[in-house]
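Engineer: Residue numbers (the working numbering): 40 to 364.
Here a beta-carbon is modelled for each residue, glycine too, at the ideal position from N, C-alpha and C.
1. I'd like to confirm the pairing. Which residues does DSSP put opposite residue 93 in its beta bridges?
2. Considering only the alpha carbon of each residue, which of 108, 184, 304 lies closest to residue 75?
3. Here's a check: name, in chain order, each residue in its chain whose Cβ is nearer than 6 angstroms to the Cβ of residue 245, leaving out the five neighbours to either side.
4. Given this structure, state the Cα-to-Cα distance separating residue 212 from residue 309, to the nearest angstrom.
5. Where does the unbroken alpha helix (DSSP H) through residue 160 begin, and where does it stop?
6. Taking the alpha carbon of residue 32 as the point to measure from, which residue in 296, 261, 304, 312 has its own alpha carbon closest?
7. Taking residue 346 as part of the beta strand (DSSP E), name the residues at either end of that continuous run.
8. Could you name each continuous alpha helix (DSSP H) segment of 4 residues or more that falls completely within the segment 242-327, going from the start of the chain to the end?
9. Name the two residues that bound the continuous alpha helix (DSSP H) containing residue 75.
10. Quick one: measure Cβ to Cβ for residue 186 and residue 330, integer angstroms, because I've assumed they're closer than 8 angstroms.
11. Could you pull the DSSP bridge partners for residue 170 from this structure?
12. Among the residues of its own chain, which have a CB less than 8 angstroms from the CB of residue 287, if the five just before and after it don't count?
13. Please report the straight-line C-alpha distance between residue 265 and residue 215, rounded to a whole angstrom.
14. Since residue 109 is in the alpha helix (DSSP H), which residue starts that stretch and which ends it?
15. Name the two residues that bound the continuous alpha helix (DSSP H) containing residue 142.
16. Mapping DSSP to helix, strand and coil, what is residue 341?
17. For residue 139, count neighbouring C-beta atoms within 10 Å of its own C-beta (all shown protein chains included) and say buried if the count is 16 or more, exposed if not.
18. Give me the Cβ distance between residue 72 and residue 255, rounded to the nearest whole Å; I'm assuming they're in contact under 8 angstroms.
19. Taking DSSP's pairing of strands, which residues face residue 372 in a bridge?
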């Protein structure tokens, strides 16, 4: 294991166990990858000869495509496997799937799974690197990292920054990764939403809790707005979508009362007119599309570091050198 992979670990399962230095290393490594994505030829040979399997047991568009772009821009060979149409639908277990993949001599697995802990379970059973692309309501570390990178791009600092996560915190793996990463980096973090959508003991994660979105807007420098995950809900979490928008929706009228210009983030997909109105999502303070762009750079950085790439990437990125097969 090389110096960078040893510094980051074999796998990226979540942000909770990472140190401030490790998170900063990923953010700093992502910076030169932004420039690669702006080139006419958006490809470098850093992972040439590596084989990466994208193993998605849940439906995904943005995350899966973002990982695919990252892998291909690093010149890796990629294989996409979904639960539907695979042997999983015939009863094959996760371990059986992983061991069959290992027999094909793969190098990395990017996994999304509905069960919390699935990525960790897999990582403990195969020697290949494992990257968690979202496991149940546990963590989504690369989404947390790209959100943090977007905040750093805009504010040039994270220490002392006030970030409020608004919405369905109970079902959100994105919220947990944001909380773990931001708190570790010294930001002040709050959550806001209906009590029915707040995990019990959320304060123990070092966050402040707001019951009114107006109070959160008055306090915060940035809002990370979460969608209502209706597919994970049963009746009773909110009276109606219209009522949720009336009480907790991020609207232009509410933002006009803010004492400062607020940065607006959203991990997507957006429920327009529910958790956020279109004139806010598409407005001048929104960095939602910048999050998407940063997502490719973050995932390139994680893939590169786990493959053994040097943290000091700037010169390698310019020259097109790096990790190869």
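Structural biologist: A quick look at the data gives this:
1. As a working mapping, residue 93 is identified with position 54 in the chain shown. In DSSP, residue 93 forms a bridge with 119, 149.
2. On the chain shown, residue 75 is found 36 positions in, with the first residue counted as 1. With distances taken between Cα atoms, residue 75 lies closest to 108.
3. Here the question's residue 245 lines up with position 206 in the chain shown. Correct list, in chain order: 222.
4. Counting from one through the chain shown, the residue named residue 212 turns up at place 173. Counting from one through the chain shown, the residue named residue 309 turns up at place 270. If I take the Cα positions, the gap works out to 16 angstroms.
5. For the purposes of this step, residue 160 is taken as the residue at position 121 of the chain shown. Start and end: 157-162.
6. The requested residue 32 is not part of the displayed model; the chain covers only 40 to 364.
7. Locating residue 346 in the chain shown gives position 307, counting from the first residue. No beta strand (DSSP E) contains residue 346, which DSSP labels as neither H nor E.
8. Here the runs fully enclosed are 252-258, 280-287, 291-294, 317-320.
9. Walking along the chain shown from the start, residue 75 turns up at place 36. 59-76 is the extent of the alpha helix (DSSP H) around residue 75.
10. Working through the chain shown from its first residue, we reach residue 186 at position 147. Working through the chain shown from its first residue, we reach residue 330 at position 291. Under the criterion of beta carbons closer than 8 angstroms, residue 186 and residue 330 qualify as touching, at roughly 6 angstroms.
11. Start at 1 with the first residue of the chain shown, and residue 170 comes out as number 131. DSSP output for residue 170 lists 51, 149 as bridge partner(s).
12. Against the chain shown, residue 287 aligns to sequence position 248. Hits under 8 angstroms: 205, 206, 231, 232, 233, 252, 314.
13. Position 226 of the chain shown, counting from 1, holds the residue named residue 265. Position 176 of the chain shown, counting from 1, holds the residue named residue 215. Answer to the nearest angstrom: the Cα atoms are 12 angstroms apart.
14. One-based indexing of the chain shown puts residue 109 at position 70. Unbroken alpha helix (DSSP H) run through residue 109: 101-112.
15. Within the chain shown, residue 142 is the residue found at index 103, counting from 1. In the DSSP assignment, residue 142 falls within the unbroken alpha helix (DSSP H) covering 133-142.
16. To locate residue 341, count along the chain shown from 1; it is residue 302. Shown here, residue 341 sits in a helix according to DSSP, grouped into three states.
17. The count along the chain shown starts at 1 and reaches residue 139 at position 100. Exposed, since its Cβ has fewer than 16 Cβ neighbours within 10 Å.
18. For the purposes of this step, residue 72 is identified with residue 33 of the chain shown, where counting begins at 1. For the purposes of this step, residue 255 is identified with residue 216 of the chain shown, where counting begins at 1. Incorrect: roughly 33 angstroms between the Cβ atoms, too far for contact.
19. In the structure as shown, the chain starts at 40 and stops at 364, and residue 372 therefore has no counterpart that could be examined.
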